[in-house]
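Colleague: Below are the C-alpha cells for one structure; questions will follow.
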Amino acid sequence: MKRAYRVISLLTLSLSASAAQPVFLANPMQGTDSTFEFSHGNTYPAIALPFPMNVWAPYTQPARDSFYYQYRQNRIRGIRQTHQPSPWIADYANFSLMPVSGRLAVTEDDRASVFRHDTESARPSYYRVRLDTWKAVVEVTPTERAARFRFTFEEGGDAYVVLDAFDNGSSVEIVPGQNKVLGVCRNNHGGVPDNFANHFVVVFDRPFVAYGTWTPETVRTNDTKRADKHVGAWFRFQLRPGEAVNCKVASSYISPAQAQRNLDREIGNADFDTVLRRADARWNEVLGRIRVEGGTEEQQRTFYTALYRSLIFPHRFHEYDENGKAVYFSPYDGKVHEGHLYTDTGFWDTFRASHPLYNLLFPELSAEMMRGLLAAYDQSGWLPSWSSPGHRDCMIGNHAFSLLADAWVKGITNFDAGKAVEAMVHDANTQAPDHCRSIGRDGAEFYKKIGYAPYPEVREATAKTLEYAYDDFCAAVLARAIGRDKEAAAFARRAMNYTNVFDRESGFVRGRKSDGTWCENFDPTEWGGPFTEGNSWHWTWSVFHDVPGLVRLLGGDEAFGRKLDGVFYTPPDVNVGTYGRMIHEMTEMVALNMGQYAHGNQPIQHAIYLYNYVGQPWKTQSRVRQVMTLLYQPTPDGWCGDEDTGQMSSWYVFSALGFYPVCPGTPEYVIGSPLFDRATIALPNGREFVIVASQNGPQRPYIRGATLNGQPFNKTYLTHQEILNGGELVFEMTSAPSKWGTAPESRPGSAMSALSLMSSQTGKPQ
Numbered sequence: 037m038k039r040a041y042r043v044i045s046l047l048t049l050s051l052s053a054s055a056a057q058p059v060f061l062a063n064p065m066q067g068t069d070s071t072f073e074f075s076h077g078n079t080y081p082a083i084a085l086p087f088p089m090n091v092w093a094p095y096t097q098p099a100r101d102s103f104y105y106q107y108r109q110n111r112i113r114g115i116r117q118t119h120q121p122s123p124w125i126a127d128y129a130n131f132s133l134m135p136v137s138g139r140l141a142v143t144e145d146d147r148a149s150v151f152r153h154d155t156e157s158a159r160p161s162y163y164r165v166r167l168d169t170w171k172a173v174v175e176v177t178p179t180e181r182a183a184r185f186r187f188t189f190e191e192g193g194d195a196y197v198v199l200d201a202f203d204n205g206s207s208v209e210i211v212p213g214q215n216k217v218l219g220v221c222r223n224n225h226g227g228v229p230d231n232f233a234n235h236f237v238v239v240f241d242r243p244f245v246a247y248g249t250w251t252p253e254t255v256r257t258n259d260t261k262r263a264d265k266h267v268g269a270w271f272r273f274q275l276r277p278g279e280a281v282n283c284k285v286a287s288s289y290i291s292p293a294q295a296q297r298n299l300d301r302e303i304g305n306a307d308f309d310t311v312l313r314r315a316d317a318r319w320n321e322v323l324g325r326i327r328v329e330g331g332t333e334e335q336q337r338t339f340y341t342a343l344y345r346s347l348i349f350p351h352r353f354h355e356y357d358e359n360g361k362a363v364y365f366s367p368y369d370g371k372v373h374e375g376h377l378y379t380d381t382g383f384w385d386t387f388r389a390s391h392p393l394y395n396l397l398f399p400e401l402s403a404e405m406m407r408g409l410l411a412a413y414d415q416s417g418w419l420p421s422w423s424s425p426g427h428r429d430c431m432i433g434n435h436a437f438s439l440l441a442d443a444w445v446k447g448i449t450n451f452d453a454g455k456a457v458e459a460m461v462h463d464a465n466t467q468a469p470d471h472c473r474s475i476g477r478d479g480a481e482f483y484k485k486i487g488y489a490p491y492p493e494v495r496e497a498t499a500k501t502l503e504y505a506y507d508d509f510c511a512a513v514l515a516r517a518i519g520r521d522k523e524a525a526a527f528a529r530r531a532m533n534y535t536n537v538f539d540r541e542s543g544f545v546r547g548r549k550s551d552g553t554w555c556e557n558f559d560p561t562e563w564g565g566p567f568t569e570g571n572s573w574h575w576t577w578s579v580f581h582d583v584p585g586l587v588r589l590l591g592g593d594e595a596f597g598r599k600l601d602g603v604f605y606t607p608p609d610v611n612v613g614t615y616g617r618m619i620h621e622m623t624e625m626v627a628l629n630m631g632q633y634a635h636g637n638q639p640i641q642h643a644i645y646l647y648n649y650v651g652q653p654w655k656t657q658s659r660v661r662q663v664m665t666l667l668y669q670p671t672p673d674g675w676c677g678d679e680d681t682g683q684m685s686s687w688y689v690f691s692a693l694g695f696y697p698v699c700p701g702t703p704e705y706v707i708g709s710p711l712f713d714r715a716t717i718a719l720p721n722g723r724e725f726v727i728v729a730s731q732n733g734p735q736r737p738y739i740r741g742a743t744l745n746g747q748p749f750n751k752t753y754l755t756h757q758e759i760l761n762g763g764e765l766v767f768e769m770t771s772a773p774s775k776w777g778t779a780p781e782s783r784p785g786s787a788m789s790a791l792s793l794m795s796s797q798t799g800k801p802q
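Numbering (the numbering used here), first residue to last: 37 to 802.
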C-alpha cells in the first residue's frame with residue numbers, strides 16, 4: 037500500500053498562486069524514501085542550480101553511506117556539499133556544515149539532531165530544516181559553485197558551527213582575522229588522479245568568540261591548522277535569542293585562490309535573500325522553458341519535479357579564471373585545461389532521453405558537453421561511459437557514440453566530428469582495460485571476429501552485443517554525415533549484429549556460445565548471465581535502430597504485437613539467475629504488477645512506444661498514460677526504481693509532452709499520449725512549439741485525429757525539424773481506441789534504412 041505523506045512545506049502553495057513560478061512546483065523530496073533493498077528513486081534533496089558544479093543536501097546516515105538521506109530517518113548529521121550521481125557510484129569531494137548550541141559536538145554521531153518533516157522545507161533553490169536537538173534552523177541557497185547558509189539559533193548564548201572535511205585525507209586552516217576557514221577534502225570512490233583535491237573556503241559574517249580544529253579522536257582550541265586522515269574545524273559565537281550566523285561557501289578543484297575567485301564572482305557581497313531570489317529566478321527561467329496547462333495539481337508537480345531532476349545532471353566541472361575563461365582540473369590526466377567539462381552521469385541511462393532533452397532545450401550546453409567528451413578522449417585515450425568525476429567501471433556500451441550522433445543530427449555541429457569518429461573507431465575496436473570494463477569494448481575481438489560477444493566468455497554478453505550494435509549504428513550516422521564513408525559502411529554492417537543473438541525458434545534474444553550454439557536451459561524470466569540488470573523479456577526490444585528488422589525477425593506485425601503484449605501479460609515471475617538473490621530491480625518489477633514490464637530500469641522503457649511500428653498506436657497511447665499516471669507521484673516514494681541522473685525523469689517529461697526519442701541518433705520522436713491539455717516549449721531559436729490535447733481527460737488517452745499547423749497529421753512520429761519550426765500540434769483525444777496512425781505510411785521507419793539512403797555532406801547534419 038502506498039504510504040501517506042505529509043505534504044512538504046513550501047509546496048502547499050495553491051496551484052493558481054505558484055503556476056507562474058514552477059520552482060515552487062518541483063519537489064526535491066520526491067524519491068527520497070529509498071533503501072538498498074527497494075528504490076523509490078534513490079534520490080536525495082538536491083539543492084542546486086541547473087547543471088551545477090556543486091549540490092547541497094542534508095544527510096541522515098553516516099557520511100560514507102551512499103544512501104545518505106533516507107526520508108524515514110529522523111536525525112540529520114549536517115548539510116553536505118555533494119556530487120553523488122547515484123548511490124551505486126557514491127560520492128566524492130564532500131564537506132559539511134552543522135550548527136549546534138549549548139555545547140560543542142563535533143563527530144557526526146554526537147552532533148546529529150532530531151528533526152521532523154513538518155519543519156523541513158525544500159525547493160530546488162532552497163532548503164530549510166529545524167534541528168530540534170539544538171533548537172536551531174538551517175537554511176541554504178545555492179549558486180553553481182558556491183552557496184549561502186543561514187543558521188538561526190532560537191535560544192542564543194553559545195552557538196557553534198561545525199565544519200567536517202570528511203575522511204581520506206583532509207585539512208583546514210582558520211584565518212580568525214578574516215572570519216574565514218580554508219580547507220581541502222580528498223574523499224572519493226575512484227575515478228580521480230592522485231593529485232585530486234577539493235579546495236573550499238567558508239567566510240562568516242561575524243567574528244569568532246572561539247575556534248579550533250578537531251579529529252574524531254581529539255578537539256583542539258585556538259588551533260588554526262590541521263591536516264590528517266579526517267579533520268574538521270569549529271567556531272563559537274555569542275548570540276542573542278533568535279539571532280543568526282550567516283556564511284558563504286565556495287569550492288574549486290583547481291586551487292584555494294580559484295575557490296575564493298568562485299566565491300567572489302558568484303556571491304560577492306550578496307546576502308542570503310538576494311542569492312535566493314537569483315536562484316529562484318534561474319530555476320523559473322529554465323523550468324519555464326516548458327509551460328504545461330491542465331492536468332491535476334499532482335501531475336503538474338510531478339512534471340516540474342521530473343524536469344528539475346532532468347537538469348541536475350550532468351554536473352559542470354569547469355570554473356572561470358581571473359580573465360573569465362573556462363578552465364577545469366581534469367579528472368582524466370590531473371592537469372588544468374581550458375574549456376568546458378561535464379561529469380557525474382552514466383550514459384547507459386541518459387543517452388535514451390536525458391541528452392535528447394538537452395539537445396532540444398539547451399543546444400549550446402549540449403555542444404559544450406560534446407566537446408568535453410572529446411577532451412576526455414584526448415586526456416585519457418577513451419570516450420567516457422560513466423564518469424564521476426573520471427572514468428568509472430560501471431554499466432555497458434559505448435553510448436558516448438549516441439550522444440555525439442544525436443547532437444549532430446539535431447544540428448549541434450560545433451564540435452570536432454572528425455575526432456569523434458576517430459575516437460569511435462578506437463573505442464569500438466579496442467578491448468576494455470581490466471581496471472575499467474565500461475570503456476572500450478569488453479569482448480571486442482570476439483565481436484569483430486564472430487559478430488557477437490559470446491557467453492560465458494564475456495559477462496553480460498548478449499546485452500553488450502545489442503548495445504554495441506546500436507552504438508555502431510550511431511557511429512555510422514556520424515561518419516556518413518561527415519563523408520567518412522569507409523568507416524560508415526563498416527559500422528553499418530556491424531549495426532546488424534543484433535541479429536546474431538536473436539533465436540528465431542524461441543523468439544527471444546539469448547546467450548550464445550563462441551562456437552555458435554545457444555546456451556542451454558533458456559528461461560526468458562532468468563536475470564543476469566548474458567544480460568545486464570534484466571532478462572530476455574526486457575532485452576529483446578533493444579534494437580532501437582532497426583525496429584522493422586526486429587519486427588521481421590519476430591514474424592511480422594501481428595506476431596510482434598502479440599509478443600509485446602506478452603511483456604504485460606506474462607506474470608512477473610523472477611528467476612534470479614546468476615545474481616543468486618533478489619536484487620532491488622527484481623523486487624521493484626514484481627511490485628509494479630505490470631507483468632514483465634520493468635519501468636524501474638532502462639532496458640525496456642522505450643518498448644511501450646514500439647506498438648507504433650506495427651500499426652497499433654492505441655496500445656502505446658494506453659500504456660504510456662498508464663505508466664505516467666500510476667508510476668510517478670510527487671511524493672518521497674514517487675518513482676518506481678532508480679531515477680538514474682535524470683533518465684527516468686526525462687522519460688516522463690517527453691512522455692507527458694506526447695512524444696519520445698525511441699532511437700537517439702535519429703531526428704525522430706515517436707508519438708505517445710499527451711498528458712496535459714496544453715504544453716508550450718520555448719525553443720532556443722525564439723519560436724514556440726505548442727502541443728494541444730483537445731477533449732483530454734483521465735479516461736481519454738487515445739488519439740482520434742491530429743493536425744500540425746492546421747493541416748491533417750496522421751504520422752505516429754514527429755521530426756526534430758518540425759518541432760524547431762514552431763507551430764501547434766493538436767491532438768483530438770477520445771476514450772476508445774481509434775484507427776488514427778494505423779496506416780503503413782503513418783509508422784516510424786527503420787533508422788537503418790534511412791542510414792543507407794543518407795548522402796554524405798561534410799560538416800552538415802542530414
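Glycine residues also receive a C-beta, built at the ideal position from the N, C-alpha and C atoms.
Alpha carbon to alpha carbon, what distance is there between lysine 775 and tyrosine 105?
Modeller: Against the sequence shown, residue 105 aligns to sequence position 69. Against the sequence shown, residue 775 aligns to sequence position 739. Their backbone Cα atoms lie some 48 Å apart in a straight line.
Colleague: Would you check if the region 637-644 and the region 567-583 touch, i.e. whether three or more CB-CB distances between them fall below 8 Å?
Modeller: The region 567-583 is in contact with the region 637-644.
Colleague: When the Cα of threonine 576 is compared with those of Phe558, Arg588, Val545 and Lys549, which residue comes out closest?
Modeller: Residue 576 sits at position 540 when you count from the first residue of the sequence shown. Looking at the Cα atoms, Val545 is the closest of the given residues.
Colleague: If I measure Cβ to Cβ from serine 346 and keep anything under 7 Å in the same chain, skipping five residues before and after, which residues do I get?
Modeller: Residue mapping note: residue 346 aligns to position 310 of the sequence shown, counting from 1. Within the same chain, serine 346 has close Cβ partners Ser390, Leu393, Gly682, Ser685, Ser686 and Val689.
Colleague: Which full runs of the beta strand (DSSP E) of 3+ residues lie inside the region 81-105, going along the chain?
Modeller: 91-95
Colleague: Could you say which of Arg661, Gly746 and Leu439 lies nearest to isoleucine 707 if we only look at CA atoms?
Modeller: As a position in the sequence shown, residue 707 is number 671, starting the count at 1. The residue with the shortest Cα to Cα distance from isoleucine 707 is Arg661.
Colleague: Would you kindly report the start and end of the unbroken alpha helix (DSSP H) that includes valine 650?
Modeller: Here residue 650 corresponds to residue number 614 of the sequence shown, with the count starting at 1. No alpha helix (DSSP H) contains valine 650, which DSSP labels as neither H nor E.
Colleague: Go ahead and label arginine 152 buried or exposed: buried means 16 or more other beta carbons lie within 10 angstroms of its beta carbon, across all protein chains shown.
Modeller: Counting from one through the sequence shown, the residue named residue 152 turns up at place 116. So arginine 152 ends up on the exposed side.
Colleague: Got a sec, what are the start and stop residues for the beta strand (DSSP E) leucine 377 sits in?
Modeller: Numbered from 1 along the sequence shown, position 341 holds the residue referred to as residue 377. No beta strand (DSSP E) holds leucine 377; DSSP gives it neither H nor E.
Colleague: Output the boundary residues of the alpha helix (DSSP H) element that contains isoleucine 486.
Modeller: By 1-based counting over the sequence shown, the position of residue 486 is 450. That run of the alpha helix (DSSP H) goes 480-486.
Colleague: What separation, rounded to the nearest whole angstrom, lies between the Cα atoms of alanine 512 and alanine 787?
Modeller: The count along the sequence shown starts at 1 and reaches residue 512 at position 476. The count along the sequence shown starts at 1 and reaches residue 787 at position 751. Rounded to whole angstroms, alanine 512 to alanine 787 spans 11 Å at the Cα level.
Colleague: Quick one: give me the first and last residue of the alpha helix (DSSP H) that alanine 459 is part of.
Modeller: In the sequence shown, residue 459 corresponds to position 423, counting from 1. From DSSP, the alpha helix (DSSP H) with alanine 459 extends over 453-464.
Colleague: Between tryptophan 124 and phenylalanine 383, what straight-line distance do the alpha-carbon atoms span, to the nearest angstrom?
Modeller: The residue given as residue 124 occupies position 88 in the sequence shown. The residue given as residue 383 occupies position 347 in the sequence shown. Looking at the two C-alpha atoms, the distance is approximately 15 Å.
Colleague: Enumerate in chain order the residues of its own chain whose CB-to-CB distance from lysine 800 is below 8 Å, with the five nearest sequence positions on each side excluded.
Modeller: As a position in the sequence shown, residue 800 is number 764, starting the count at 1. Note that lysine 800 scores 32 on pLDDT, short of 50, meaning its location in the model is unreliable; the coordinates nonetheless yield the value given after this. Result list for lysine 800: Thr449 and Ala517, in chain order.
Colleague: Going by beta-carbon coordinates alone, are histidine 235 and alanine 295 separated by less than 8 Å?
Modeller: Your numbering for residue 235 matches position 199 in the sequence shown. Your numbering for residue 295 matches position 259 in the sequence shown. Contact flag set, yes.
Colleague: Tell me the residue span of the alpha helix (DSSP H) that contains methionine 405.
Modeller: Walking along the sequence shown from the start, residue 405 turns up at place 369. Residues 399-416.
Colleague: Mapping the DSSP letters down to three states, classify valine 612 as helix, strand or coil.
Modeller: Position 576 of the sequence shown, counted from the first residue, corresponds to residue 612. Under the three-state reduction of DSSP output, valine 612 falls in the coil class, being neither helix nor strand.
Colleague: Tell me whether phenylalanine 725 is buried or exposed, calling it buried when 16 or more other Cβ atoms sit within 10 Å of its Cβ.
Modeller: What you label residue 725 is simply residue 689 of the sequence shown in a count that begins at 1. With 16 or more Cβ atoms within 10 Å of its Cβ, phenylalanine 725 is classed as buried.
Colleague: Let's test the definition: count the other Cβ atoms within 10 Å of the Cβ of proline 734 and tell me whether it reaches 16, buried, or not, exposed.
Modeller: Sequence index remark: in the sequence shown, residue 734 carries index 698 (1-based). By the 10 Å Cβ count, proline 734 comes out exposed.
Colleague: Determine the burial state of valine 165: buried for a count of at least 16 other Cβ atoms within 10 Å of its Cβ, exposed for fewer.
Modeller: Numbered from its first residue, the sequence shown carries residue 165 at position 129. Burial call: buried.
Colleague: Given this structure, state the Cα-to-Cα distance separating proline 178 from threonine 188, to the nearest angstrom.
Modeller: Translated into positions along the sequence shown, residue 178 becomes position 142. Translated into positions along the sequence shown, residue 188 becomes position 152. Between the alpha carbons of proline 178 and threonine 188 lies a distance of about 18 Å.
Colleague: In the DSSP assignment, find the unbroken beta strand (DSSP E) run with glutamine 274 in it and report its ends.
Modeller: Here residue 274 refers to the residue found at position 238 of the sequence shown. First-last of the beta strand (DSSP E) with glutamine 274: 268-275.
Colleague: Could you pull the start and end residues of the beta strand (DSSP E) that serine 207 belongs to?
Modeller: Taking the sequence shown and counting its residues from 1, the one referred to as residue 207 is at position 171. From DSSP, the beta strand (DSSP E) with serine 207 extends over 206-211.
Colleague: Determine, using beta carbons only, whether glutamate 191 and lysine 171 come nearer to each other than 8 Å.
Modeller: The residue labelled residue 191 in the question sits at position 155 within the sequence shown. The residue labelled residue 171 in the question sits at position 135 within the sequence shown. Taking 8 Å as the cut-off, the Cβ atoms of glutamate 191 and lysine 171 count as close.
Colleague: Could you check where the alpha helix (DSSP H) with glutamate 334 kicks off and where it finishes?
Modeller: As a first step, residue 334 must be located in the sequence shown, where it is residue number 298. Per DSSP, glutamate 334 belongs to the alpha helix (DSSP H) from 333-346.
Colleague: For aspartate 429, does the three-state DSSP call read helix, strand or coil?
Modeller: One-based indexing of the sequence shown puts residue 429 at position 393. Coil.
Colleague: Could you name the residues of the same chain whose beta carbon sits closer than 6 Å to that of leucine 51, not counting the 5 residues immediately before and after it, in chain order?
Modeller: Mapped onto the sequence shown, residue 51 falls at position 15. Residue placement at leucine 51 is flagged as unreliable, the pLDDT there being 43, under the threshold of 50; the coordinate-derived value follows with that caveat. Closer than 6 Å at Cβ, skipping near neighbours: Glu333.
Colleague: Between which two residues does the alpha helix (DSSP H) containing arginine 736 stretch?
Modeller: Numbered from 1 along the sequence shown, position 700 holds the residue referred to as residue 736. Per DSSP, arginine 736 belongs to no alpha helix (DSSP H) and is neither H nor E.
Colleague: Return the CA-CA distance between serine 366 and glycine 602, expressed in angstroms with no decimal places.
Modeller: By one-based count along the sequence shown, residue 366 stands at place 330. By one-based count along the sequence shown, residue 602 stands at place 566. Straight through space, the alpha carbons of glycine 602 and serine 366 are spaced by roughly 48 Å.
Colleague: Would you report the Cα separation of glycine 330 and arginine 222, rounded to the nearest angstrom?
Modeller: Within the sequence shown, residue 330 is the residue found at index 294, counting from 1. Within the sequence shown, residue 222 is the residue found at index 186, counting from 1. Roughly 48 Å between the two C-alpha positions.
Colleague: Span of the alpha helix (DSSP H) holding leucine 218?
Modeller: Within the sequence shown, the letter at position 182 stands for residue 218. No alpha helix (DSSP H) holds leucine 218; the beta strand (DSSP E) holding it covers 216-221.
Colleague: In or out: alanine 505 buried (at least 16 other Cβ within 10 Å) or exposed?
Modeller: In the sequence shown, residue 505 corresponds to position 469, counting from 1. Counting Cβ neighbours within 10 Å, alanine 505 comes out buried, since at least 16 surround it.
Colleague: Quick one: what does DSSP say glycine 248 is sitting in, helix, strand or coil?
Modeller: Along the sequence shown, read from residue 1 onward, the residue named residue 248 stands at position 212. It is a strand residue.
Colleague: Exposed or buried, what is methionine 405 when buried is set at 16 or more other beta-carbons lying within 10 Å of its beta-carbon?
Modeller: Looking up residue 405 in the sequence shown gives position 369. Buried, by the Cβ-count rule.
Colleague: Among Glu358, Ile326 and Asp680, which has the Cα closest to the Cα of leucine 343?
Modeller: As a working mapping, residue 343 is identified with position 307 in the sequence shown. Residue Ile326 is the option with its Cα nearest to leucine 343.
Colleague: With H, G and I counted as helix, E and B as strand and the rest as coil, what does DSSP make of glutamate 781?
Modeller: What you label residue 781 is simply residue 745 of the sequence shown in a count that begins at 1. Helix.
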